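Following my numbering, the numbering of the sequence shown begins with 659 at its first residue and continues without gaps.
Even for Gly, the Cβ is constructed at its ideal location relative to N, Cα and C.
This structure is a prediction, so every number in the text was calculated from the model and none was measured.
The block underneath contains the structure these notes are about, expressed in structure tokens.
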Amino acid sequence: MLTEMYRRLVLNYDKGQYSFRDFSYSASDDQLYDLATQLNAFQDITAEKVLKVRVLEF
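Encoded structure:
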């Protein structure tokens, strides 16, 4: 049986990334994408990728 341990939101840039975790499990994919867009608005460059990473334990 797989158990989700936590989720991370990752914004990938050409020269690095920012990672966020410990957000509500009730957050939908659309809400997480909106959050990533808002966070990216504070950067001088645009994120190349926005990823949701799920860490599972089995």
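Ranked by how close their Cα comes to the Cα of Asn698, the residues Tyr671, Tyr683, Thr661 and Tyr664 have Tyr671 in first place. Residue burial is scored here from C-beta neighbours: Leu660 has fewer than 16 other C-beta atoms within 10 angstroms and is therefore classed as exposed. Nearest Cα to Ser684 within the set Gly674, Glu706 and Tyr664: Tyr664. Annotation: the continuous beta strand (DSSP E) that includes Thr661 extends over Thr661 to Tyr671. Out of Leu709, Ile703, Val711 and Glu715, the CA that lies nearest to the CA of Lys673 is found in Ile703. The secondary-structure analysis by DSSP pairs Leu709 across a beta bridge with Val668.
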